[in-house]
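Under the UniProt record's numbering, the first residue of the sequence shown is numbered 1, with each subsequent residue one higher. This report concerns only the one structure given below.
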Amino acid sequence: MDVIAFQGLPQPFTPHDAAGVGITRGQLVHALSIAAVDRLARGLYAVNHSWELLSAERRHAGLAHAAYRTVGDAVLSHHSAALLWGLPVSRREQARATLTVLADRRTSVRASWVHLYRATLREGEVTTLSDIELTSPARTVLDCLRSLPPGDGVAIGDAALRLGLVSSGDLATVLRGQGGWPGARRAGLWLPRLDGRRETWLESYSVVALSRFGIEPPEPQVEVFDDRGLIGRVDALWLDDGVVGEADGVGKYLGEFDVSGPSGEAAAQRVVREKAREDRLRDVGLEVVRWMTGEILHSPQVVAGRVKAAQRRGEASRFRGRMRLSPSVPPPCASNTPDARRVAGF
Numbered sequence: 001m002d003v004i005a006f007q008g009l010p011q012p013f014t015p016h017d018a019a020g021v022g023i024t025r026g027q028l029v030h031a032l033s034i035a036a037v038d039r040l041a042r043g044l045y046a047v048n049h050s051w052e053l054l055s056a057e058r059r060h061a062g063l064a065h066a067a068y069r070t071v072g073d074a075v076l077s078h079h080s081a082a083l084l085w086g087l088p089v090s091r092r093e094q095a096r097a098t099l100t101v102l103a104d105r106r107t108s109v110r111a112s113w114v115h116l117y118r119a120t121l122r123e124g125e126v127t128t129l130s131d132i133e134l135t136s137p138a139r140t141v142l143d144c145l146r147s148l149p150p151g152d153g154v155a156i157g158d159a160a161l162r163l164g165l166v167s168s169g170d171l172a173t174v175l176r177g178q179g180g181w182p183g184a185r186r187a188g189l190w191l192p193r194l195d196g197r198r199e200t201w202l203e204s205y206s207v208v209a210l211s212r213f214g215i216e217p218p219e220p221q222v223e224v225f226d227d228r229g230l231i232g233r234v235d236a237l238w239l240d241d242g243v244v245g246e247a248d249g250v251g252k253y254l255g256e257f258d259v260s261g262p263s264g265e266a267a268a269q270r271v272v273r274e275k276a277r278e279d280r281l282r283d284v285g286l287e288v289v290r291w292m293t294g295e296i297l298h299s300p301q302v303v304a305g306r307v308k309a310a311q312r313r314g315e316a317s318r319f320r321g322r323m324r325l326s327p328s329v330p331p332p333c334a335s336n337t338p339d340a341r342r343v344a345g346f
């Protein structure tokens, strides 16, 4: 059988998906033997070339769709639902699809790529996007706050607020219905600290990582001015200490580029501009601390040490410029609801 027949299947696919379009077990085995199809896990396959071209997010979206087709009486939930809502999900959480089934159902699944939760699903906590049942944004955020590492859960909550998918009141209502559930106490501790003004996963994760060392959350996304005008909008500012925090992902400067080519030159120019910007921030009396993704993930104590040292040096009274704080995020509205196929890239 031509490999085109396999390309017409959803990626990834199960033997049941293949049988549905007339592909036999023998034909699947042959496709595997010639490396046209890869076995991703027990009972899960993908066309080699097609799968390799997908981003990590689209791979997980495909995995979630396959799990949804496979598991009866379940809805997509937790980080799988978060991804379909367009929320930032850490790559380390994307190896398994997550679904929730009602606690009194006997539904089960034996698959290393699926995690099945059993819980109550209350009225209004399940919705449909492009014929896929999944937990509502508010339920999704609370499930992630309860089940994921705090940094990842807070990043999802911050993004949901920023995108207008939820309000603080929505989240509080769902949390009240989860009293005594695993992780509910932790979720309750972080819920008041969610802030939709944070713009990236890295900013949100950094707040949680630094809090473990006694560093209070900074004011996010603050515009700083000197007598020449706007210096820039900084990721974070500890107002009482006069300390700026900049959380820099590699892509902020580098991205994907040829070091010897035009894009390498553009990245170098951006580094020069950032250095000039930092000099202006220092000139108005602010301390500046920068950290990269790898540092806050693997050496948070080092970053915390730099922040605390800057706080000891800093003094808000030395600030000689002007600043403008970011306004609160607007309340959710119907137009903020994304289409699952658009979010997942299908």
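C-beta: ideal position from N, C-alpha, C; glycine also.
If you draw a straight line from the C-alpha of Leu230 to the C-alpha of Gly164, how long is it? 28 Å
Mark Val101 as exposed unless 16 or more other C-beta atoms lie within 10 angstroms of its C-beta, in which case mark it buried. Flag for Val101 reads buried.
Quick one: what's got a C-beta closer than 7 Å to Val343's C-beta in the same chain, skipping five residues either side? Here Val343 scores only 48 on pLDDT, less than 50, and its place in the model should not be relied on; the value that follows carries that caveat. Hits under 7 Å: Leu84, Trp85 and Gly86.
With hydrogens ignored, establish whether the beta-carbon of Leu286 is closer than 7 Å to any heavy atom of the ligand ZN. The model on display carries no ligand, and the ligand ZN is accordingly not part of it.
Please state whether the Cβ-Cβ distance between Ser112 and Thr98 is less than 8 Å. no
Verify whether the separation of the beta carbon atoms of Leu202 and Val222 is less than 8 Å. No, Cβ-Cβ distance for Leu202 and Val222 is not below 8 Å.
Which residue or residues does DSSP assign as beta-bridge partners of Val37? Val47
Provide the residue(s) that pair with Thr75 in DSSP beta bridges, ordered along the chain. A small fix is needed here, since residue 75 is Val in this sequence, not Thr. According to DSSP, which records beta bridges pairwise, Val75 is partnered with Thr100.
Check whether the segment 141-148 and the segment 183-198 are in contact - that is, three or more C-beta pairs closer than 8 Å. yes
Taking the beta strand (DSSP E) that Gly229 falls in, what are its first and last residues? Gly229 to Trp238
If we ignore side chains and look at the alpha-carbon of each, how far apart do His30 and Arg118 end up? 38 Å
Nearest-angstrom beta carbon gap, Ala304 and Leu210 [assumed within contact, 8 Å]: 6 Å
Nearest-angstrom beta carbon gap, Gln311 and Phe213 [assumed within contact, 8 Å]: The pair is not a contact, with the Cβ atoms about 11 Å apart (cut-off 8 Å).
From the DSSP output, in three-state form, read off Val21 for me. coil
Exposure label - Ser206; buried when at least 16 CB within 10 Å: buried
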